[in-house]
Amino acid sequence: MPDDGMLRVEPRASGARVDEARRRAMVEEAGRDPEGFWRREMGRIAWMRAPRRIKNTSFEGDVSIRWFEDGVLNISESCLDR
1 MPDDGMLRVE
11 PRASGARVDE
21 ARRRAMVEEA
31 GRDPEGFWRR
41 EMGRIAWMRA
51 PRRIKNTSFE
61 GDVSIRWFED
71 GVLNISESCL
81 DR
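The C-terminal residue of the sequence shown carries number 82 in full-length UniProt numbering, and the numbering is unbroken.
Structure, rendered in structure tokens:
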């Protein structure tokens with residue numbers, strides 16, 4: 001790591017699966033239609049029971065933010081077995 005504590009991403013970016021143009025498009029899409037975006041992205045994870053409810057948020061009073069709350073992950077397959 002450089003002396004200034006900043007991690008340089010340029011050398012690592014060449015091996016990325018998403019280039020800058022695609023990243024920007026994904027950010028824009030996720031902002032415009034978060035439920036649709038994350039419904040598609042959740043297909044990349046192994047679920048024991050896929051969620052029916054993608055997003056459940058409330059910003060009034062007691063703030064509550066829940067994603068995929070009724071789903072059950074197979075974390076071993078998703079993280080360890082790949």
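Beta carbons: idealized from backbone N, C-alpha and C, even for Gly. Predicted, not measured: the structure shown is a model, and the values here were computed from it.
* Does the count of Cβ pairs from the region 69–76 and the region 38–56 closer than 8 Å reach three? -> yes
* Going by other Cβ atoms of all chains shown within 10 Å of its Cβ, with 16 needed for buried, is isoleucine 54 buried or exposed? -> buried
* To do: Please look up how many angstroms separate the CB atoms of proline 51 and glutamate 28, rounded, as I've assumed it's under 8 Å.
  => About 24 Å; that fails the 8 Å criterion.
* Using the Cα positions of glycine 36 and serine 14, report the straight-line distance between them to the nearest angstrom. => 29 Å
* **Identity of the residue in Arg39, Arg23, Ser58, Gly31 nearest glycine 71 by Cα** => Arg39
* To do: Mind checking who asparagine 74 pairs with in its DSSP beta bridge?
  => The partner list for asparagine 74 (beta bridge, DSSP) is empty, contrary to what the question assumes.
* Where methionine 42 sits in the DSSP three-state scheme -> helix
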